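Protein chains in written order, with full-length UniProt numbering: chain S, 1 to 231; chain A, 1 to 231. All C-beta atoms, glycine included, are put in the ideal place defined by N, C-alpha and C. Because the structure is a prediction, the values reported are computed rather than measured. Only one structure is covered here, and it is reproduced in the block below.
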DNA sequence: GACGTCATACCTGTCTGACAACTAACTAAA
DNA sequence: TTTAGTTAGTTGTCAGACAGGTATGACGTC
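This is the structure in structure tokens:
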């Protein structure tokens, strides 16, 4: 994985451009100070991701960064990262934290027993200080010893991944167009009746445990969501 | 790749179930009559696909299959099929066909010269007779000998694929929440200010030729769009 | 009996060196 | 000009070895 990340960075940093040829495996392995076998395992993954093209007897080449936009909605990343990738400074205001007991409706959605303890977060996320996303998160704290006093002003993904070693695997996301109601108008400082994009997301970890249900309201004038649809 | 396919089949055929442990790499390599290095390259890809989980010192295990919904938005299919898969009868009303010359703005979006001839379709798509989607399509007819007199009341994908042998490969889709304006209110017979989901799609064929630009307005009370977001 | 330590077996991660298969470019012969 | 052969360079595959991590059971201590 380290090798793969390193090569990813080499490509991302512009050291290589589409069509460029990578060093031969023997030379590249020596350059990175790893064995050829390990390098090849990394290259296999990069090939599967479509970032490189290997041809026996010829070499390995950087692939055209085909349609894959910078990042489509099919890739899962935190709201913080979503804001950052648009080039803004991410922030949080209006944080509310509460320990709650799962209601019947919520319990069904999160597939837990109705008596389960949850941690509810309400946050307004800002880009360069301007409110752009309103987030409601429901965390299953029976899976993690999360305290109410935790610092929730930054990325929740960062916190869970780095401090609690959680391995986030995927999210089942429902895409809904909604109209800003009175609450959202004041939270996001938008005109009444502005269209917003609501993403309802069920987040799972590597053990397929549902640990987070989130509702994110995105200002449609600030974010563009794309997806690559293949046949 | 052969090794990977073979293991894929082993999993698909039910020889292994989620949680089961695969043979050790040494034994598995001997069993498949390949080297351990080659086997590991195959396993790396399977791991990246989320089909297996490797743990150093313990072993390799079959992963829980990701609960792919019936079909997420990341799969490309026609509006007709989208309506059908929800269990409705698909139809078309209010068809308008026109040959037009690409405007400057449209030419940029479709990446053609401003003088290019296009075929414009406006259609209201119905589910069990009720209007549910409003579609505007722009076809690059310099790529296909499409006539205005063609039957456009059914699936455009069907027509292009079966009659013209077009191989549709993918679409770059932009997801937008919008509010029903007066035109859409009358076309879709909805309340004013109803939220709609607008999909702006650039369709490409196997040669990466952009052949269709479409704008589809979906009634949000009739369709649910989902997507699997992986990390 | 409960607990911690250690030895052990087993597994994945990595490395080394070698050879096979393939490709492209060049050379020489027809 | 065409064809066949040669050669250098690359990826594909292989065998064997060792390092590092994990679970298990034996053993001694409290």
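Specify the secondary structure class of residue 120 of chain S as computed by DSSP and reduced to three states. Strand, per DSSP.
With 16 other Cβ atoms within 10 Å as the buried cut-off, status of residue 95 of chain S: exposed
Residue 108 of chain A to residue 219 of chain S, Cα distance in whole Å? 26 Å
Between residue 280 of chain S and residue 208 of chain S, what straight-line distance do the alpha-carbon atoms span, to the nearest angstrom? Residue coverage of chain S in this structure runs from 1 to 231, which leaves residue 280 of chain S outside it and unanswerable.
Out of A/173, A/182, A/179, A/190, state which residue places its alpha-carbon closest to the alpha-carbon of residue 201 of chain A. A/173
Can you find a CB in chain A that lies within less than 9 Å of the CB of residue 175 of chain S? yes
9 Å Cβ cutoff, residue 222 of chain A in contact with chain S: no
So does the stretch 129-147 of chain A actually touch the stretch 211-218 of chain A, counting three or more Cβ pairs closer than 8 Å? yes
Would you kindly work out how many angstroms separate the C-alpha atoms of residue 143 of chain S and residue 58 of chain A, rounded to a whole number? 23 Å
Start and end residues, beta strand (DSSP E) containing residue 81 of chain A: DSSP places residue 81 of chain A outside any beta strand (DSSP E); the residue lies instead in the alpha helix (DSSP H), whose first and last residues are 79-85.
Could you name the residues of chain A that residue 233 of chain S contacts, counting a contact when the two beta carbons are closer than 9 Å? Past the edges of chain S, shown from 1 to 231, lies residue 233 of chain S, and the structure says nothing about it.
CB of residue 131 of chain S within 9 Å of CB of residue 177 of chain A, strictly: no
When you compare only the Cα positions, how much space is there between residue 195 of chain A and residue 182 of chain A? 13 Å
Strictly below 7 Å CB to CB, what residues from chain S border residue 40 of chain A? 41
Under the criterion of a Cβ to heavy atom distance below 8 Å, does residue 13 of chain A qualify as lining the ligand ZN? The ligand ZN is absent from the structure shown, which contains no ligand whatsoever.
Which residues, taken in chain order from the UniProt domain "HTH gntR-type" (1-65) of chain S, show a beta carbon closer than 7 Å to some beta carbon of chain A? 37, 40, 41, 44, 45, 48
Could you check whether the Cβ of residue 145 of chain A sits closer than 9 Å to any Cβ belonging to chain S? no
Spatial distance of residue 92 of chain S from residue 126 of chain S (CA atoms): 6 Å
Identify every run of the beta strand (DSSP E) within the stretch 31-64 of chain S, keeping only runs that are complete inside it and at least 3 residues long; order them along the chain. Taking only runs of at least 3 residues, the beta strand (DSSP E) segments lying wholly in the stretch 31-64 of chain S are 52-55, 59-62.
Taking the alpha carbon of residue 65 of chain A as the point to measure from, which residue in A/47, A/81, A/103 has its own alpha carbon closest? A/47
Under 7 Å from the C-beta of residue 210 of chain S: neighbouring residues of chain A: Near residue 210 of chain S there are no residues of chain A at all, since even the closest Cβ is about 10 Å away, more than 7 Å.
With the cut-off set at 9 Å, would you say residue 167 of chain A and residue 205 of chain A are in Cβ contact? yes
Tell me whether the beta-carbon of residue 119 of chain S lies closer than 9 Å to the beta-carbon of residue 60 of chain S. no
Assigned secondary structure, residue 185 of chain S (DSSP; H/G/I helix, E/B strand, else coil): helix
Between the alpha carbons of residue 77 of chain S and residue 184 of chain S, how many angstroms are there, rounded? 23 Å
Can you tell me whether residue 89 of chain S is helix, strand or coil according to DSSP? coil
Note down the Cα distance separating residue 189 of chain A from residue 161 of chain A, rounded to an integer number of angstroms. 32 Å
Helix, strand or coil at residue 128 of chain S [DSSP, three-state]: coil
Beta-carbon contacts of residue 69 of chain S that lie in its chain and below 7 Å, excluding the five residues immediately before and after: Confidence at residue 69 of chain S is low in this model, with a pLDDT of 49, below 50, so the placement of that residue is unreliable and no value is reported for it.
Within 9 Å of any Cβ in chain S, is that where the Cβ of residue 178 of chain A sits? yes
Considering only residues of the same chain and omitting the five flanking positions on each side of residue 193 of chain S, which have a CB-CB separation below 6 Å? 179
Where residue 102 of chain S sits in the DSSP three-state scheme: Coil at residue 102 of chain S, not helix or strand.
Can you tell me which of A/72, A/27, A/24, A/49 puts its alpha carbon nearest to the alpha carbon of residue 230 of chain S? A/72
Can you tell me the Cα-Cα spacing of residue 80 of chain S and residue 146 of chain S, whole angstroms? Each residue's alpha carbon lies about 20 Å from the other.
Taking 9 Å as the CB-CB limit, is residue 98 of chain S close to chain A? no
Same chain, Cβ closer than 8 Å to residue 111 of chain A, five either side skipped, listed in chain order: 210
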